[in-house]
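Participant: Attaching a single structure in structure tokens format; questions to follow.
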Amino acid sequence: NLVDDIGLGSIEYAVEHLGVNLVVVLGHERCGAVDAAVKGGDAHGHIVSLIKEINPAVELAKKERGDLLENSVQANIKAVVQKLKSSQPLLKKFVSEKKLEIIGARYDLDDGNVSLIK
117 NLVDDIGLGS IEYAVEHLGV NLVVVLGHER CGAVDAAVKG GDAHGHIVSL IKEINPAVEL
177 AKKERGDLLE NSVQANIKAV VQKLKSSQPL LKKFVSEKKL EIIGARYDLD DGNVSLIK
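Sequence positions in the sequence shown follow my numbering and run 117 to 234.
This is the structure we're talking about:
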């Protein structure tokens, strides 16, 4: 899960004009894009852009114990949550005024459970 200006614009519209007060950044286990960033190597086309955006989360995850892919998925979710929370001018304002909550969650592909990421 990554957010670009187009996605951000859609979220801002929903918050400002439709009254949305909760945004959930939903990642999932065994994410292929995160796995590509973890594995590194040669990538082509627009996949390079995905990997470039995910790499900071992978670097953070390398400092943690446990499975690098799973830790990277969770670090990426947290990074996107923070990016949204600090997005100027709208989302940051709505978050600071307690009119909007942005949370992260992880979808388990095997059993369908969703768990919150803190």
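Virtual Cβ for every residue (Gly too), placed ideally from N, Cα, C.
In this text, all values refer to a predicted model and were calculated from it rather than measured experimentally.
#1: Leu184 and Val154 look like a contact to me (Cβ under 8 Å); what is the Cβ gap, rounded to whole Å?
#2: Measuring CB to CB, does Val139 end up less than 8 Å from Ile127?
#3: Could you check the C-alpha separation between Lys234 and Gln190 for me, to the nearest Å?
#4: Check the C-beta distance from Leu142 over to Asn117 and give it rounded, since I have them as a contact under 8 Å.
#5: If we count the other Cβ atoms within 10 Å of its Cβ and call it buried at 16 or more, is Val150 buried or exposed?
#6: Among Val196, Ser231 and Arg181, which one has its Cα closest to the Cα of Ile218?
#7: When you compare only the Cα positions, how much space is there between Val119 and Leu200?
#8: If you scan the region 162-232 from start to end, which runs of the beta strand (DSSP E) of 3 or more residues do you find wholly inside it?
#9: Could you tell me how far apart the beta carbons of Arg146 and Leu225 are, in whole angstroms, since I believe they sit closer than 8 Å?
#10: Tell me where the alpha helix (DSSP H) around Val150 begins and ends.
#11: Roughly how many whole angstroms lie between the Cα atoms of Pro205 and Leu216?
Facilitator: Once the coordinates are examined:
#1: 6 Å
#2: yes
#3: 9 Å
#4: 7 Å
#5: buried
#6: Val196
#7: 8 Å
#8: 217-223
#9: 6 Å
#10: Gly148 to Lys155
#11: 13 Å
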